[in-house]
Amino acid sequence: MSEGIKVELEISAFGQESIPSCADSFRQHQIVRTRILPKETTLAQIEVFVQDMIVEIKEDYRHPEQLQVKVTLRAKETDGVLRYLG
71 MSEGIKVELE
81 ISAFGQESIP
91 SCADSFRQHQ
101 IVRTRILPKE
111 TTLAQIEVFV
121 QDMIVEIKED
131 YRHPEQLQVK
141 VTLRAKETDG
151 VLRYLG
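In structure tokens, the structure reads:
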């Protein structure tokens, strides 16, 4: 069995909205999830997690102007060896 990798998935939906009493107004919704995945996980498999999160965030914010996705792998280097945190 392979070593697990801590993968943080973050998605933000945001855009400008009209509020009569404000000159500028913006709305943002965000979901952050952490998963421990096998080292052999492919980008295509991570994309499936992201697509599920997009569906979920659009339930709260139906027509965002922009979606931002961030995938973070946590690791540290010790004595020339890269070790994934998880």
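Using this note's numbering, you'd call the opening residue of the sequence shown number 71 and step up by one each time.
All C-beta atoms, glycine included, are put in the ideal place defined by N, C-alpha and C.
Fair warning: this is a prediction, and the values are worked out from it, not measured in the lab.
Straight-line gap, residue i to residue j (C-alpha atoms, nearest Å)
| i | j | result |
| --- | --- | --- |
| Glu80 | Asp122 | 12 Å |
| Ser95 | Lys146 | 40 Å |
| Gln86 | Asp130 | 15 Å |
Other residues of its chain near residue i: CB distance less than 6 Å, five sequence neighbours each side excluded
| i | result |
| --- | --- |
| Thr142 | Glu78 |
| Gln138 | Ser82 |
| Thr148 | none |
Presumed contact (8 Å Cβ cut-off) between residue i and residue j, rounded CB distance
| i | j | result |
| --- | --- | --- |
| Lys76 | Thr111 | With 8 Å as the limit, Lys76 and Thr111 do not qualify as a contact, their Cβ atoms being about 12 Å apart. |
| Ile89 | Ile127 | Actually they are not in contact, since the Cβ atoms of Ile89 and Ile127 sit about 21 Å apart, beyond 8 Å. |
Environment of residue i [buried if 16+ CB atoms lie within 10 Å]
| i | result |
| --- | --- |
| Ala93 | exposed |
For residue i, the residue or residues it bridges with in DSSP
| i | result |
| --- | --- |
| Glu135 | Partner(s): none; Glu135 has no beta bridge. |
| Val151 | Thr148 |
Same chain only: Cβ atoms within 8 Å of residue i, ignoring 5 sequence neighbours per side
| i | result |
| --- | --- |
| Phe119 | Leu79, Arg103, Arg105 |
Neighbourhood of residue i by C-beta distance below 7 Å, restricted to the same chain and skipping five residues each side
| i | result |
| --- | --- |
| Arg153 | Ala145, Lys146 |
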